[in-house]
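Q: Counting in full-length UniProt numbering, the sequence shown runs from 1 upward without gaps. For glycine and all other residues, C-beta sits at the position ideal for the given N, C-alpha and C.
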Amino acid sequence: PNIVLIFADDMGYGDLHSYGHPTQEYGAIDDLAAEGVRFTQWYSADSLCTPSRAALLTGSLPIRSGMVGPRRVLHVDDAGGLPKNETTIAEALREQGYSTGMVGKWHLGKLEQNDGRHLPCHHGFDYVGTILPFTFHFLCDPKRFSLDKMKTKCFLTRNTSIIQQPIVPETMTQQIVDDVKYYITKNKQGPFFLYMSLPQLHSAMMCNPQFCNKSKRGNGRNNGNLDGKSIADLLLGNHDTEIHKILFHYCSDRLMAVRFGKYKIHYHTQPLPRYGDNCPDGNPIEDLITGLGCYENTTTHKPPLIYNIETDPGETHLLDPSNQQNVLEEVEARIKAHKATIVPVKSQLGNSREILKPCCNPPTCVCN
């Protein structure tokens, strides 16, 4: 079959009409859910861009590929990236005769020595359209920040060349959609695999003029080892198949919690930042998203906190651990077995070099 993988950045599990949002309009994505399979119990491998994307494309937890570290995500001056020895979905499908394409947000590295070795063209993608090598940073909003702040963080590339610096936010998504239409039309005889990685929702800073002020709700209220497993049986209708009995939740290299059946078990929690204090005049002082680290001063829970996620998805009603000893003992045994499979690897995050900051036209770094 032809495969189109659409990846939305920072979409909440309850943001869609088909997942129970009370006021979200019904749309094309809800048609896909109605005509296909809708998953209701699942997790991302991480809460931030770089590690979650590495896991999505490789099927391995980020701790196995080195996509963990104090900075949590790759920055424009980082020399690290997805290691070449990691096999991506694109590489696996290309071996089966698929054409492979990628457009949109990458955020798995760019350069090591000004060589572009971490870009998608070196990870199994035959066609690379308009891509955002890093992220749609809050500094990329020309209505709020100066060109000097924007230019080295906000750029688009095609294959290995910068095509726009800084980004024109209002046209970025349309460029991505145009590339998608081109690729599908060119490869309609198949088989093809297209990874369409949308840079939004993330920081919702702009909209294409044809979509601005169209929502009925306005802006809304302000509030090595493969760890992935085959879900083919579920896709083909066998809903009794048990796939993942246990899921591991890391913050960098620290195991924070696990999901075991209907239970969520927390071993550590870390302090939450006070977002209001960070924006006294409406603009952030610090970038708490890409800069929010995994703190050393976590709270360790002994016994661990345990919740029934099926009946309490908001984790508001703590269960008595003394009544769950059998569950906790089995989980401890599975954690021990899991940790025995972790081989230490070099972190790819935080190895920054000033020379790697992108500039299409020195010294102004502006081209369009």
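How would you call Thr135, buried or exposed, if buried means at least 16 neighbouring beta carbons within 10 angstroms?
A: One-based indexing of the sequence shown puts residue 135 at position 135. Buried.
Q: Please report the distance separating the alpha-carbon of Asn223 from that of Pro271.
A: Within the sequence shown, numbered from 1, the residue matching residue 223 stands at position 223. Within the sequence shown, numbered from 1, the residue matching residue 271 stands at position 271. With a pLDDT of 48 at Asn223, under the threshold of 50, the modelled position of this residue cannot be trusted; read the value that follows with caution. If you take the alpha carbons of Asn223 and Pro271, they lie about 19 angstroms apart.
Q: Quick check on the DSSP output: the beta strand (DSSP E) that includes Met196 runs from which residue to which?
A: Looking up residue 196 in the sequence shown gives position 196. Where Met196 is concerned, the enclosing beta strand (DSSP E) stretches over 192 to 201.
Q: Going by the CB atoms, is the gap between Thr298 and Arg254 shorter than 9 angstroms?
A: Start at 1 with the first residue of the sequence shown, and residue 254 comes out as number 254. Start at 1 with the first residue of the sequence shown, and residue 298 comes out as number 298. In this structure, Thr298 lies closer than 9 angstroms to Arg254 by Cβ.
Q: If distances are taken between C-alpha atoms only, which option among Pro62, Val4, Ile184 comes closest to Gly228?
A: As a first step, residue 228 is located in the sequence shown; it is residue number 228 there, counting from the start. Comparing Cα positions, the closest option is Pro62.
Q: If Lys105 and Asp9 are in contact, beta carbons under 8 angstroms, what's the gap, nearest whole angstrom?
A: Residue numbering aside, residue 105 sits at position 105 when the sequence shown is read from its first letter. Residue numbering aside, residue 9 sits at position 9 when the sequence shown is read from its first letter. About 6 angstroms; that satisfies the 8 angstroms criterion.
Q: Count the other CB atoms, across all protein chains shown, that sit within 10 Å of the CB of Asn187; report buried if there are 16 or more and exposed otherwise.
A: On the sequence shown, position 187 is the one that residue 187 refers to. By the 10 Å Cβ count, Asn187 comes out buried.
Q: Runs of 4 residues minimum, wholly inside the stretch 83 to 147: which ones carry the alpha helix (DSSP H) assignment?
A: Qualifying alpha helix (DSSP H) stretches, in chain order: 89 to 95.
Q: Rounded to the nearest angstrom, how far is the Cβ of Ile89 from that of Leu57, given a contact under 8 angstroms?
A: Numbered from its first residue, the sequence shown carries residue 89 at position 89. Numbered from its first residue, the sequence shown carries residue 57 at position 57. With a Cβ gap of about 6 angstroms, Ile89 and Leu57 count as contacting.
Q: For the candidate residues Glu35, Ala45, Tyr26, Ile3, whose alpha-carbon lies nearest to that of Phe248?
A: The residue labelled residue 248 in the question sits at position 248 within the sequence shown. Measuring from the Cα of Phe248, the nearest candidate turns out to be Ala45.
Q: Residues bridged to Lys302 by DSSP?
A: The residue given as residue 302 occupies position 302 in the sequence shown. DSSP lists no partner for Lys302.
Q: Could you please give me the residues that DSSP links to Leu5 through a beta bridge?
A: Here residue 5 corresponds to residue number 5 of the sequence shown, with the count starting at 1. For Leu5, which the question treats as bridged, DSSP gives the partners Tyr195.
Q: Using a 10 Å radius around the Cβ and a threshold of 16 neighbouring Cβ atoms, would you call Pro83 buried or exposed?
A: Stepping through the sequence shown from its first residue, residue 83 is reached at position 83. With 16 or more Cβ atoms within 10 Å of its Cβ, Pro83 is classed as buried.
Q: Within 10 angstroms of the Cβ of Ala232, are there 16 or more other Cβ atoms? Answer buried if so, exposed if not.
A: Locating residue 232 in the sequence shown gives position 232, where the first residue counts as 1. Exposed.
Q: Nearest to Asn159 by alpha carbon, out of Thr23, Tyr267, Pro120, Gly276?
A: Within the sequence shown, the letter at position 159 stands for residue 159. Nearest C-alpha to Asn159: Pro120.
Q: Anyone know if the C-beta pair for Leu328 and Ile265 falls short of 9 angstroms?
A: Position 328 of the sequence shown, counted from the start, is the residue given in the question as residue 328. Position 265 of the sequence shown, counted from the start, is the residue given in the question as residue 265. Yes, the Cβ-Cβ distance between Leu328 and Ile265 is below 9 angstroms.
Q: Tell me the DSSP secondary structure of Ile231 in three-state form.
A: Taking the first residue of the sequence shown as 1, we reach residue 231 at position 231. Note: Ile231 maps to coil in three-state DSSP.
Q: Whole angstroms is fine: what's the gap from Ser230's alpha carbon to Asn238's?
A: Here residue 230 corresponds to residue number 230 of the sequence shown, with the count starting at 1. Here residue 238 corresponds to residue number 238 of the sequence shown, with the count starting at 1. So the alpha carbons of these two residues sit roughly 13 angstroms apart.
Q: Kindly indicate which three-state DSSP category Asp277 falls into: helix, strand or coil?
A: The residue you call residue 277 lines up with position 277 of the sequence shown. Note: Asp277 maps to helix in three-state DSSP.
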